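Asker: Mind the numbering: the sequence shown is residues 87 to 374 in my numbering, read in order.
Yeah, the Cβ is synthetic: ideal placement off N, Cα and C, and Gly gets one too.
Owing to the predicted nature of the structure, the values given are computational and were not obtained by experimental measurement.
Structure below; questions to follow.
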Amino acid sequence: MTVTTSTPLVHELDSVAGVLAEWQHGDRAVQLHPGDIGWFRRFGARRTAQAVRTWSRAGEVLAVGLLDGPDVLRLEIAPEALHDEELARQVARDATAPECGVLPEGEAYVAAPPGALVGDLLMRRGWEGGDMWTPLRRELDEPVPDPGVHVEVVGPEQVPERTAVQRSAFTGSTFTDDRWHAMAEAAPYAAARCLLARNDRGEPVAAVTVWSAGAGRPGLIEPMGVHADHRGLGHGRAIVLAAARALQELGSSSVVVDTPSSNTAAVVTYESAGLQRLPELQDLRRTA
Numbered sequence: 087m088t089v090t091t092s093t094p095l096v097h098e099l100d101s102v103a104g105v106l107a108e109w110q111h112g113d114r115a116v117q118l119h120p121g122d123i124g125w126f127r128r129f130g131a132r133r134t135a136q137a138v139r140t141w142s143r144a145g146e147v148l149a150v151g152l153l154d155g156p157d158v159l160r161l162e163i164a165p166e167a168l169h170d171e172e173l174a175r176q177v178a179r180d181a182t183a184p185e186c187g188v189l190p191e192g193e194a195y196v197a198a199p200p201g202a203l204v205g206d207l208l209m210r211r212g213w214e215g216g217d218m219w220t221p222l223r224r225e226l227d228e229p230v231p232d233p234g235v236h237v238e239v240v241g242p243e244q245v246p247e248r249t250a251v252q253r254s255a256f257t258g259s260t261f262t263d264d265r266w267h268a269m270a271e272a273a274p275y276a277a278a279r280c281l282l283a284r285n286d287r288g289e290p291v292a293a294v295t296v297w298s299a300g301a302g303r304p305g306l307i308e309p310m311g312v313h314a315d316h317r318g319l320g321h322g323r324a325i326v327l328a329a330a331r332a333l334q335e336l337g338s339s340s341v342v343v344d345t346p347s348s349n350t351a352a353v354v355t356y357e358s359a360g361l362q363r364l365p366e367l368q369d370l371r372r373t374a
């Protein structure tokens, strides 16, 4: 039967996230986690639905994509469909042809799972290697050390501090209090936690959001940041340890994160908290 491409309706977003959760396994690197959709929900349900694409056959979802920016498609594929030729051809066609409404003309990026056939097809269509990413993971079958700082689970009272840390940590961040509430009111956040670390003067110094994919599955850090005024003091390591402990409490089998390989400070921070560097991933880039 034919593979079809669709944009989910708002009320279908939770089922799409559920499908992604089923594909999460500790022994494979993944490009898209249900937490990625949960984090995107800060922009609201309608905008999130517009950014999601699904590829299905006979009602079964075989691939999910998230437009993480207008020219970046992050793609995840069902483990049993990584080498499905019909699926790969359809995804490659949708990613390459602007009239399909997935990616615009000109420069664009696709992050596909390692070993997926669609990557080979895109290379044949003129795509080339793009940015390098470093995945990191820590198994959660052993106790995680105490972070050594005061850490709070963010509720309504801490939201202004949580969003302020985010904006300080990431230049150009548009994370506002309203966007935190939009994210927290969406269904995926029921399996998530926002954490805020404070120094010994009570100042908010670092923050993280963690996303569970269900018991026995990898949990995601997205995002983690340290306030610009408090860097170099170990707060990044502390909040990552707190994130690992939170995911352990949620039943996650491991904590995972992807960061640009060029962001060496982030890689070092994650490694200092016990996450192990995995083989690098490379996205695909179309230059014209």
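(1) Drop a sphere of 10 angstroms on the beta-carbon of GLY187, count the other beta-carbons inside from all chains shown, and report buried for 16 or more, exposed for fewer.
(2) So, are the CB atoms of LEU375 and TRP125 less than 8 Å apart?
(3) Along the chain, where does the alpha helix (DSSP H) that runs through PRO290 open and close?
(4) What are the residues that DSSP puts in a beta bridge with ALA194?
(5) Report the CB separation of GLN136 from THR93 in whole angstroms; it is logged as a contact under 8 Å.
(6) Looking only at its chain, what residues have a beta carbon closer than 6 Å to the beta carbon of GLU191, apart from the 5 residues adjacent to it on each side?
(7) Return the bridge partner residues of TRP141 from the DSSP annotation.
(8) Using CA coordinates, which residue listed in GLY337, SER347 and VAL294 is at the minimum distance from LEU226?
(9) Output needed for THR262: all residues of its chain with C-beta closer than 8 Å, excluding positions within five of it in sequence on either side, in chain order.
(10) Using 8 Å as the cut-off, can you tell me whether the stretch 280-298 makes contact with the stretch 347-363, which would need three or more C-beta pairs spanning the two stretches below that distance?
(11) Quick check: what's the CA-CA separation for HIS97 versus CYS280?
(12) Could you have a look at ASP217 and say whether DSSP puts it in helix, strand or coil?
Answerer: Walking through what the data contain:
(1) exposed
(2) With the chain represented from 87 up to 374, any question about residue 375 goes unanswered, as that position is not in the structure.
(3) Run containing PRO290: none in the alpha helix (DSSP H); it sits in the beta strand (DSSP E), 290-297.
(4) ARG372
(5) 7 Å
(6) PRO184
(7) THR91 and ALA149
(8) GLY337
(9) THR249
(10) no
(11) 24 Å
(12) strand
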